[in-house]
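Asker: First the structure, then my questions, so here it is.
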Amino acid sequence: MHIPDGMLEARTWIPAWLGSAGALAYGVRRIRQTLTDGTIVMMAVMAALIFALQMLNFPVAGGTSGHFAGGAAAAIVLGLWPAAIVMAAVLTVQALLFADGGITALGANLLTMAIVAPLVGRALYLGITRLRDTRGARVAGSFAAGWTSCVAASLVAASLLWLSGRAPLVPALGVMGFWHALIGIGEGAITAGLVGYLLAVRPDLLASAEPAPSGRSGRLALLGLGAIALVAAGFSFLASSHPDGLEYAYERIGAAFEDVAIVNGPMPDYVVPGIANETLAGVLAGIVGVLVTGALAYALVTAIRERRGRDAE
Amino acid sequence: MTNGHEHLGPGTAPHAHPQEGAAAAQGLHGHEHRHAEGPAHRHPHHHRVGPTPAAHEHTHATTFEALTYIISPVHALDARAKTVAAIVLVLGIVLSPPARGAEFALLVALLAAVALIARLPLGRLALRSAAVLPFAATIALLAPLQAAGGSWNAGGLMAATDGWVTAWGILSKAWLSASCMLLLAASTRTADLLAALRRLGVPDVFVLLLSFIARYVGVLGDQLRSLRTALASRAPRLRRRTLLHASGSIAGNLFVRSYERGERIHAAMLSRGYTGALPHAASARIGAAEVLSVIVATLSALAVALY
Numbered sequence: 043m044h045i046p047d048g049m050l051e052a053r054t055w056i057p058a059w060l061g062s063a064g065a066l067a068y069g070v071r072r073i074r075q076t077l078t079d080g081t082i083v084m085m086a087v088m089a090a091l092i093f094a095l096q097m098l099n100f101p102v103a104g105g106t107s108g109h110f111a112g113g114a115a116a117a118i119v120l121g122l123w124p125a126a127i128v129m130a131a132v133l134t135v136q137a138l139l140f141a142d143g144g145i146t147a148l149g150a151n152l153l154t155m156a157i158v159a160p161l162v163g164r165a166l167y168l169g170i171t172r173l174r175d176t177r178g179a180r181v182a183g184s185f186a187a188g189w190t191s192c193v194a195a196s197l198v199a200a201s202l203l204w205l206s207g208r209a210p211l212v213p214a215l216g217v218m219g220f221w222h223a224l225i226g227i228g229e230g231a232i233t234a235g236l237v238g239y240l241l242a243v244r245p246d247l248l249a250s251a252e253p254a255p256s257g258r259s260g261r262l263a264l265l266g267l268g269a270i271a272l273v274a275a276g277f278s279f280l281a282s283s284h285p286d287g288l289e290y291a292y293e294r295i296g297a298a299f300e301d302v303a304i305v306n307g308p309m310p311d312y313v314v315p316g317i318a319n320e321t322l323a324g325v326l327a328g329i330v331g332v333l334v335t336g337a338l339a340y341a342l343v344t345a346i347r348e349r350r351g352r353d354a355e
Numbered sequence: 380m381t382n383g384h385e386h387l388g389p390g391t392a393p394h395a396h397p398q399e400g401a402a403a404a405q406g407l408h409g410h411e412h413r414h415a416e417g418p419a420h421r422h423p424h425h426h427r428v429g430p431t432p433a434a435h436e437h438t439h440a441t442t443f444e445a446l447t448y449i450i451s452p453v454h455a456l457d458a459r460a461k462t463v464a465a466i467v468l469v470l471g472i473v474l475s476p477p478a479r480g481a482e483f484a485l486l487v488a489l490l491a492a493v494a495l496i497a498r499l500p501l502g503r504l505a506l507r508s509a510a511v512l513p514f515a516a517t518i519a520l521l522a523p524l525q526a527a528g529g530s531w532n533a534g535g536l537m538a539a540t541d542g543w544v545t546a547w548g549i550l551s552k553a554w555l556s557a558s559c560m561l562l563l564a565a566s567t568r569t570a571d572l573l574a575a576l577r578r579l580g581v582p583d584v585f586v587l588l589l590s591f592i593a594r595y596v597g598v599l600g601d602q603l604r605s606l607r608t609a610l611a612s613r614a615p616r617l618r619r620r621t622l623l624h625a626s627g628s629i630a631g632n633l634f635v636r637s638y639e640r641g642e643r644i645h646a647a648m649l650s651r652g653y654t655g656a657l658p659h660a661a662s663a664r665i666g667a668a669e670v671l672s673v674i675v676a677t678l679s680a681l682a683v684a685l686y
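Note that the protein sequences, when read in sequence, are chains C and Z.
The opening residue of the first sequence carries number 43 in the numbering used here; numbering runs sequentially from there.
The opening residue of the second sequence carries number 380 in the numbering used here; numbering runs sequentially from there.
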């Protein structure tokens, strides 16, 4: 899923670069107070660990295989911003030393795998462990975090490809989402196994990444889900008013040069009411989609938790 | 992995220094040598200080890393100049319209010339950079489909010229950019590349993270491999679900080991006087060759992007 150079247009990769750099700079500021030589060295070793763990591959379907990405696992065991920085270092080494993922596309790859995946994964994990703090809930929460981070990252990547005019939005989201829903099972299972192992062997390591019990984690969970809802709503807004990314961009560029013609033409009377309705419908659809997905994920997690609870008795 | 090799130094037996040179050989030094296949190269190393410091082997973490020790004019260039040149070239490639034949040929010729001067194996580099093609091709082939209005009709697909031009653009740019970065990675030692990043303004802490990845990924990767070998030899035919669960335990096990390794590494660094910044040898040599290589890269990038 590492996007190579040349696939994204400048209108996509430049904002992605700026956005990721800004988010990571904010992350560094957030954790600066807690950074000591010791924690930096530890983060550096963890970065090497995530890189090594990405060699863990597993069969998916039809003879293909996926590999562990580690964004959610890193966010659960290290905390959100340390995980984002560790993932950023891993992706940078892959782009610089292995030509795995492009240099101009690095911003986009950071956005999907170093920011979206840890954010979504940690938000979901904290949200679920907040509801019920048992071993089963933690393991199930890790599975949900791994699976959702994988799918969310792939959906953002599909959206970036669509914004670059590389693929129509709905099929791109569908294909990437479907494929990564399968790969996500492996990601989720390994994340759950990792957290389960730590709970059994070194629970102190896991506890050190827990937020102080002040309600911050609940806010983070809400923030994460809110961010997902906003992104979904934003994309459905764009999608409903502009079915094709390339067309949309050309229209925007054309409008800058020919706005007189557009204002005087017959278009405004025709388009504006239509867009208003479609936009509203699109935004509503996006929010409903997120709520439905969230409810499904919650139901799934509850079911798994109850089964695990029965197994344990 | 250890490769068979022969020394090219004057009058020295393979694997050994002449006795009188032993004292000198204890400092940082290198000898030109050649593995079973591949060009001659040299890497600096220390010998264990002891009564018989003479015998030693030349090993490389990976065969790709061995390429960075080749002795050539390209390898001798300052890493900053090479990094800037490679990134400028990638920018030119990415920002250009889908390359026409002449531009593509120009870029291939330029990259091949650099690889030849660097005495790098062209076939291996080309194969390795071709690793970007499967994913790039999947996305690239959507372009003709989109241009043909989503129809799988063969005639319509053939007629969608714009789509095929876009597809060619995606594929050629992905491959050329990857080749460009691989050329940088193959002709620059990792430590030099990271030092160059730091001197180009990348924050120290981030460079520390990158250098730890470069240094320890081999160690942790080996540990992961032996854990998986142990699993496979004890339980060769696991169901997919059990295998995934076991992989999770392996990941957790490696996490605990790495955490403890991190503590030991930090203690070792402190005991050697670590104060929060890694020392690095400053070797500023921006000469005519460096300036020239950046100018050539910039001109090529401009030619491709604007012509």
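Note that the Cβ used here is the ideal one computed from N, Cα and C, for glycine as well.
So what's residue 44 of chain C in DSSP terms, helix, strand or just coil?
Answerer: Residue 44 of chain C sits at position 2 when you count from the first residue of the first sequence. Three-state result, residue 44 of chain C: coil.
Asker: Look up residue 100 of chain C in the DSSP assignment and say whether it is helix, strand or coil.
Answerer: Mapped onto the first sequence, residue 100 of chain C falls at position 58. If DSSP states are grouped into helix, strand and coil, residue 100 of chain C belongs with the strands.
Asker: For residue 88 of chain C, does the count of other Cβ atoms within 10 angstroms reach 16, so buried, or fall short, so exposed?
Answerer: As a position in the first sequence, residue 88 of chain C is number 46, starting the count at 1. Residue 88 of chain C should be labelled buried.
Asker: I'd like to know if the segment 595-605 of chain Z and the segment 538-556 of chain Z are in contact, where contact means that at least 3 CB-CB pairs between them fall below 8 Å.
Answerer: No: fewer than three Cβ pairs fall under 8 Å.
Asker: Between which two residues does the beta strand (DSSP E) holding residue 108 of chain C run?
Answerer: For the purposes of this step, residue 108 of chain C is taken as the residue at position 66 of the first sequence. 107-109 is the span of the beta strand (DSSP E), which, as asked, contains residue 108 of chain C.
Asker: So, is the C-beta of residue 595 of chain Z closer than 8 Å to a C-beta in chain C?
Answerer: Along the second sequence, read from residue 1 onward, the residue named residue 595 of chain Z stands at position 216. Chain C, which has a Cβ nearer than 8 Å to the Cβ of residue 595 of chain Z, makes this yes.
Asker: I need the boundaries of the alpha helix (DSSP H) containing residue 517 of chain Z, first residue and last residue.
Answerer: For this step, residue 517 of chain Z is matched to residue 138 along the second sequence. Looking at the DSSP string, the run of the alpha helix (DSSP H) that includes residue 517 of chain Z is 512-519.
Asker: What does the Cβ neighbour count give for residue 49 of chain C, buried or exposed, with the cut at 16 atoms within 10 Å?
Answerer: By one-based count along the first sequence, residue 49 of chain C stands at place 7. Residue 49 of chain C is buried by the Cβ-count criterion.
Asker: Would you list, in chain order, the members of the segment 77-106 of chain C that have their beta-carbon closer than 8 Å to a beta-carbon of chain Z?
Answerer: Under the 8 Å Cβ criterion, the segment 77-106 of chain C contributes 77, 79, 80, 82, 83, 84, 85, 86, 87, 88, 89, 90, 91, 93, 94, 95, 97, 98, 100 and 101.
Asker: For residue 231 of chain C, name the three-state secondary structure that DSSP assigns.
Answerer: As a position in the first sequence, residue 231 of chain C is number 189, starting the count at 1. Looking at residue 231 of chain C - three-state DSSP - the assignment turns out to be helix.
Asker: Looking at chain Z, is there any beta carbon in it that lies within less than 8 Å of the beta carbon of residue 129 of chain C?
Answerer: One-based indexing of the first sequence puts residue 129 of chain C at position 87. For residue 129 of chain C, the answer is no, since every Cβ of chain Z falls outside 8 Å of its Cβ.
Asker: Near residue 292 of chain C, which residues of its chain fall below 6 Å by C-beta distance, leaving aside the five closest residues on each side in sequence?
Answerer: What you label residue 292 of chain C is simply residue 250 of the first sequence in a count that begins at 1. Confidence at residue 292 of chain C is low in this model, with a pLDDT of 39, below 50, so the placement of that residue should be treated as unreliable; the coordinate-derived value is given next. Hits under 6 Å: none found.
Asker: Since residue 201 of chain C and residue 159 of chain C are thought to touch, with beta carbons under 8 Å apart, how far apart are those beta carbons, to the nearest angstrom?
Answerer: Here residue 201 of chain C is taken as the residue at index 159 of the first sequence, counted from 1. Here residue 159 of chain C is taken as the residue at index 117 of the first sequence, counted from 1. Their Cβ separation, rounded to whole angstroms, is 14 Å, which puts residue 201 of chain C and residue 159 of chain C out of contact at 8 Å.
Asker: Give the residues from the segment 161-175 of chain C that approach chain Z closer than 8 Å (Cβ to any Cβ), ordered along the chain.
Answerer: Cβ contacts with chain Z come from no residue of the segment 161-175 of chain C.
Asker: Would residue 155 of chain C pass as an interface residue toward chain Z - the criterion being a Cβ-Cβ separation below 8 Å?
Answerer: Translated into the one-based positions of the first sequence, residue 155 of chain C becomes position 113. So no, residue 155 of chain C is outside the interface.
Asker: Could you check whether the Cβ of residue 149 of chain C sits closer than 8 Å to any Cβ belonging to chain Z?
Answerer: Locating residue 149 of chain C in the first sequence gives position 107, counting from the first residue. So, not an interface residue.
Asker: Quick one: grab the DSSP three-state call for residue 581 of chain Z.
Answerer: Your numbering for residue 581 of chain Z matches position 202 in the second sequence. Residue 581 of chain Z: coil per DSSP, three-state reduction.
Asker: Where does residue 214 of chain C fall in DSSP's three states?
Answerer: Here residue 214 of chain C corresponds to residue number 172 of the first sequence, with the count starting at 1. In the structure shown, residue 214 of chain C sits in a helix (DSSP, three-state: H, G or I).
Asker: Going by C-alpha distance, which of Z:618, Z:567, Z:460 and Z:636 is nearest residue 671 of chain Z?
Answerer: Here residue 671 of chain Z refers to the residue found at position 292 when the second sequence is read from its first residue. Comparing Cα-Cα distances from residue 671 of chain Z to each of Z:618, Z:567, Z:460 and Z:636, the minimum goes to Z:460.
Asker: Does DSSP classify residue 49 of chain C as helix, strand or coil?
Answerer: The residue labelled residue 49 of chain C in the question sits at position 7 within the first sequence. Residue 49 of chain C falls in the coil class under three-state DSSP.
Asker: Comparing the C-beta of residue 508 of chain Z with each C-beta of chain C, is any distance below 8 Å?
Answerer: Here residue 508 of chain Z corresponds to residue number 129 of the second sequence, with the count starting at 1. Judged by the 8 Å Cβ criterion, residue 508 of chain Z is in contact with chain C.
Asker: So is residue 614 of chain Z in contact with chain C if we call contact Cβ pairs under 8 Å?
Answerer: As a first step, residue 614 of chain Z is located in the second sequence; it is residue number 235 there, counting from the start. No, because no Cβ of chain C sits closer than 8 Å to the Cβ of residue 614 of chain Z.
Asker: What does a CB cutoff of less than 7 Å around residue 73 of chain C pick up in its chain, not counting 5 residues either side in sequence?
Answerer: In the first sequence, counting from the first residue as 1, residue 73 of chain C sits at position 31. Only 123 and 124 meet the Cβ criterion.
Asker: Would you kindly check if the distance between the Cβ of residue 631 of chain Z and the Cβ of residue 240 of chain C is under 8 Å?
Answerer: One-based indexing of the first sequence puts residue 240 of chain C at position 198. One-based indexing of the second sequence puts residue 631 of chain Z at position 252. Yes.
Asker: State yes or no: is the C-beta of residue 47 of chain C within less than 8 Å of the C-beta of residue 127 of chain C?
Answerer: Mapped onto the first sequence, residue 47 of chain C falls at position 5. Mapped onto the first sequence, residue 127 of chain C falls at position 85. Contact: no.
Asker: Between residue 592 of chain Z and chain C, is there a C-beta pair that is closer than 8 Å?
Answerer: Residue numbering aside, residue 592 of chain Z sits at position 213 when the second sequence is read from its first letter. Closer than 8 Å: yes.
Asker: Taking the continuous alpha helix (DSSP H) assigned at residue 482 of chain Z, which residues delimit it?
Answerer: Stepping through the second sequence from its first residue, residue 482 of chain Z is reached at position 103. Start and end: 480-496.
Asker: Just mark residue 603 of chain Z as buried or exposed, buried being the case when its beta carbon has 16 or more other beta carbons within 10 Å.
Answerer: For the purposes of this step, residue 603 of chain Z is identified with residue 224 of the second sequence, where counting begins at 1. By the neighbour-count rule (16 or more Cβ atoms within 10 Å), residue 603 of chain Z is buried.
Asker: Check whether chain B comes within 8 Å of residue 247 of chain C, counting only Cβ atoms and requiring the distance to be less than that.
Answerer: The structure shown contains no chain B; its protein chains are C and Z.
Asker: Spatial neighbours of residue 673 of chain Z within its chain, please: CB distance less than 6 Å, with the 5 preceding and 5 following residues excluded, ordered by chain position.
Answerer: For the purposes of this step, residue 673 of chain Z is taken as residue 294 along the second sequence, with counting starting at 1. Here the set comprises 460, 463 and 464.
Asker: Can you tell me where the alpha helix (DSSP H) holding residue 250 of chain C begins and where it ends?
Answerer: For the purposes of this step, residue 250 of chain C is taken as residue 208 along the first sequence, with counting starting at 1. It is not in any alpha helix (DSSP H) - residue 250 of chain C carries neither H nor E in the DSSP assignment.
Asker: In terms of alpha-carbon separation, which member of C:53, C:213, C:81 and C:150 lies closest to residue 195 of chain C?
Answerer: Residue 195 of chain C sits at position 153 when you count from the first residue of the first sequence. For residue 195 of chain C, the nearest C-alpha among the options comes from C:150.
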